[in-house]
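What follows is a single structure, written as structure tokens, with notes after it.
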Amino acid sequence: MAITVRIPTPLQRLTSGQGEVQCEGTTVTELLGDLERRYPGVRERICDESGKLRRFVNIFVNAEDIRFLQGDQTAVKDGDEVSIIPAIAGG
Amino acid sequence: MSLTKEQIARYSRQLILPEIGVKGQERLLRSSVLVVGAGGLGSPAALYLAAAGVGRLGLIDDEAVAISNLHRQILHETADVGRPKSQSAERRLAALNPAVSIQALPQRLTAENAREILGGFDVVLDGSDNFPTRYLVNDACVLLGKPLVHGGVIHVGGQVLTVLPGRSACLRCVFPEPPAPGAVPSCQEAGVVGTAAGLLGSLMAHEALKLLAGFGEPLADRVFIFDGRMSCVREVAVRRDPGCAVCGEAPTIRELIAGREPACASQQEG
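In order, the protein sequence lines correspond to chains C and S.
In terms of the numbering used here, the first sequence is residues 1 to 91.
In terms of the numbering used here, the second sequence is residues 1 to 270.
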């Protein structure tokens with residue numbers, strides 16, 4: 001079993017069109033590292049140059065915002081569902 | 001206010017709903033909604049709100065109809081290309097429901113006029129096409145204590161959040177700052193499918209109807225996310241951020257200041 005990561009539609013072209021991918025790690029940081037290894041280019045869309053989550057993107061572990069958990073050190077485990085949600089301006 | 005024979009006939013299918021009924025319909029007829037942007041989200045939203053009998057409907061948009069709008073912006077027709085969107089929107093909405101008072105504003109929402117314009121309506125729907133306007137609308141609604149239904153669409157999906165100022169998470173609680181100009185593609189660059197805009201714009205109108213008629217639970221403190229590739233819907237919980245710049249414990253945004261919205265390339269069609 002692994003961790004399910006849900007990819008927002010604008011980033012799905014980096015994941016071969018998949019809306020959900022499986023990754024591994026024990027923290028959100030590790031998970032994003034694994035995501036980047038599998039799908040190069042995804043992390044820079046989510047994090048800035050210093051590795052911090054961009055201010056218009058949020059990550060939810062099992063539908064809870066990691067900013068209100070332990071940030072990028074929030075623990076993740078097999079079976080968890082992680083969603084990446086960017087702000088969207090299109091109308 | 002008592003309903004006329006024509007109103008009873010026109011709204012009969014919602015009058016028999018326990019969720020709306022005569023009381024809810026009377027509330028709708030007395031209410032007003034401002035739709036920001038007569039585009040992909042604003043079009044279906046305004047059509048459903050006019051059809052449902054919202055008393056006064058404002059639409060603010062400073063653009064002209066482009067032929068590339070027509071696959072999703074269903075307020076406008078081919079013959080409208082080149083004309084102000086506010087004009088075609090007004091005509092289409094008046095044809096749908098002549099009893100609705102339509103206020104078409106062919107101008108851009110700015111830090112200078114936002115308070116006055118938004119202040120005249122009960123609920124605001126944001127279907128604009130750029131981040132500066134979205135954060136301006138959010139901040140203005142929070143400062144005015146005005147309920148806001150925020151929606152965004154791009155590519156084949158999008159999201160909706162209802163903001164009850166002072167009671168539920170606002171846009172800045174969820175996404176503290178907009179991306180730098182150009183960091184995130186617009187609809188023009190990334191593309192957008194009209195049906196996704198239709199679905200999300202309809203949901204925005206639905207949220208406004210719920211708030212105005214007074215039924216159900218608002219889509220507050222949770223973000224509704226539509227993934228149009230899978231046709232699946234998800235929801236994530238959000239909450240008020242005590243550090244929020246506009247609705248937190250020590251807000252740094254206390255007024256709308258011109259120039260805070262960066263003059264990025266987003267004046268164009270999303």
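C-beta: ideal position from N, C-alpha, C; glycine also.
Under 8 Å between C-beta atoms, does residue i make it to chain S?
i, result
"I88/C", "yes"
"V5/C", "no"
"E64/C", "yes"
"I85/C", "yes"
"R43/C", "no"
"R38/C", "no"
Going by alpha carbons, who is nearest to residue i out of the options?
i, options, result
"F215/S", "L3/S, L161/S and Q14/S", "Q14/S"
"R108/S", "V123/S, R91/S, D129/S and G120/S", "D129/S"
"P106/S", "A64/S, N97/S, V54/S and G166/S", "A64/S"
"A38/S", "S86/S, Y48/S and A66/S", "S86/S"
"I88/C", "H155/S, L93/S and T78/S", "H155/S"
"S231/S", "A63/C, E20/C, R45/C and L14/C", "E20/C"
"P160/C", "L11/C, L53/C and A63/C", "The structure shown does not extend to residue 160/C, since chain C is modelled only from 1 to 91, so the question has no answer here."
"Q188/S", "T110/S, K23/S and G40/S", "G40/S"
"F226/S", "L161/S, L70/S, F175/S and P242/S", "L161/S"
"G243/S", "E235/S, A52/S, I253/S and E112/S", "I253/S"
"V149/S", "F175/S, Q7/S, L28/S and L164/S", "L164/S"
"R91/C", "E26/S, A111/S, R10/S and Q159/S", "Note that residue 91/C is Gly in the sequence shown here, rather than Arg. Of the candidates E26/S, A111/S, R10/S and Q159/S, the one whose C-alpha sits nearest the C-alpha of G91/C is Q159/S."
"Q18/C", "L53/C, R38/C, G33/C and M1/C", "R38/C"
Does any CB atom of chain C fall closer than 8 Å to the CB of residue i?
i, result
"I225/S", "yes"
"I253/S", "no"
"G248/S", "no"
"N130/S", "yes"
"I154/S", "yes"
"L203/S", "no"
"E177/S", "yes"
"A46/S", "no"
"V236/S", "yes"
"Q159/S", "yes"
"V184/S", "yes"
At 8 Å on the CB atoms, spell out the chain C contacts of residue i, in chain order.
i, result
"V229/S", "Checking the sequence, you will find Arg at residue 229/S rather than Val. Correct list: T9, Q12, G17 and G19."
"G127/S", "G91"
"C187/S", "G90 and G91"
"R239/S", "D65 and F68"
Check the Cβ of residue i against every Cβ in chain C and list those closer than 9 Å, keeping chain order.
i, result
"L41/S", "G90 and G91"
"A64/S", "Simply none; closest approach about 16 Å."
"V174/S", "N58, D65, I85 and A87"
Along chain C, which residues have their Cβ under 7 Å away from the Cβ of residue i?
i, result
"R27/S", "Per Cβ cutoff of 7 Å: no residues; R27/S is ~27 Å from chain C at best."
"A190/S", "P10"
"R134/S", "A89"
For chain B, is any of its Cβ atoms less than 8 Å away from the one on residue i?
i, result
"G37/S", "Of the protein chains in the structure, C and S, none is chain B."
Could you check how far apart the C-beta atoms of residue i and residue j are, in whole angstroms? I think they sit under 8 Å.
i, j, result
"A220/S", "L49/S", "Going by Cβ atoms, the distance from A220/S to L49/S rounds to 19 Å, so no, they are not a contact pair."
"E90/S", "I102/S", "5 Å"
contact_flag[the stretch 192-200 of chain S, the stretch 45-59 of chain C] where n(CB pairs < 8 Å) is 3 or more: Flag = no, the stretch 192-200 of chain S and the stretch 45-59 of chain C do not touch.
Cβ pair count under 8 Å reaching 3, the stretch 197-206 of chain S against the stretch 21-36 of chain C: no
Inter-stretch contact (C-beta, 8 Å, three-pair minimum) for the stretch 27-35 of chain S and the stretch 113-130 of chain S: yes
Segment contact flag, the stretch 66-76 of chain C with the stretch 89-107 of chain S, C-beta cutoff 8 Å, min 3 pairs: No, the stretch 66-76 of chain C is not in contact with the stretch 89-107 of chain S.
At least 3 beta-carbon pairs within less than 8 Å: the stretch 40-51 of chain C vs the stretch 141-161 of chain S: no
Meets three-Cβ-pair contact criterion under 8 Å: the stretch 210-226 of chain S and the stretch 14-25 of chain S: yes
Stretch pair the stretch 73-85 of chain C + the stretch 5-15 of chain C: three plus CB contacts closer than 8 Å: yes
Segment contact flag, the stretch 241-248 of chain S with the stretch 162-170 of chain S, C-beta cutoff 8 Å, min 3 pairs: yes
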